[in-house]
Amino acid sequence: MSKKTIFQKIIDREIPAPLVYEDDLVAAFNDINPVAPTHILIVPKKVIPRVGEAVAEDQATLGALLLAAGKIADKLGVTARDKGFRLVINHGRDAGESVPHLHVHLLAGRRLEWPPG
Ligand code: 5GP
């Protein structure tokens, strides 16, 4: 059996991290090293290493990640157009992926530059 990722250990409650959101398919918690005033990681409970390795049967899980992001953003009060938030998925070395368990970064609370670095 492959080694659990840090995110799987958080989901399995082996490592304490308060969940800011949870449903049947996904869980969300604060990033340990935030790069914005709000920096939340939304993670599927099923281990999908990275988005490019998702398969057709993961469609509901992939949708659940974005729906969860919208709900969390709404709860945070950042969905108004004069506020806003950004979702980021890093796949592979060139994108800066460091944890091989698919996750969506939700960033909010400051003006975010475009294009990203
Ligand atoms: P990636 O670079 O793979 O897109 O993002 C991984 C993220 O996981 C990074 O932003 C990093 O700060 C975060 N991270 C790494 N280890 C932990 C941890 O143990 N707990 C939490 N909450 N976040 C972590």
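The numbering used here applies: residue 6 is where the sequence shown begins, and numbers increase by one.
C-beta atoms are modelled at their ideal positions from N, C-alpha and C, and glycine is treated no differently.
Simplified DSSP assignment, three categories, for residue i
i, result
"A85", "coil"
"R91", "strand"
"A100", "helix"
"A22", "coil"
"A59", "coil"
Beta-carbon proximity of residue i to residue j, cut-off 9 Å
i, j, result
"A1", "I20", "For the chain, the structure presents residues 6 to 122; residue 1 sits outside this window and is missing."
"A85", "A41", "no"
"I94", "Y26", "no"
"L92", "V56", "no"
Residue i versus residue j - alpha carbon distance
i, j, result
"D28", "R116", "29 Å"
"K9", "P105", "10 Å"
"V122", "F90", "For the record, residue 122 in the displayed sequence is Gly; it is not Val. Taking the straight line from one Cα to the other gives about 17 Å."
"L24", "R18", "10 Å"
"A74", "T66", "12 Å"
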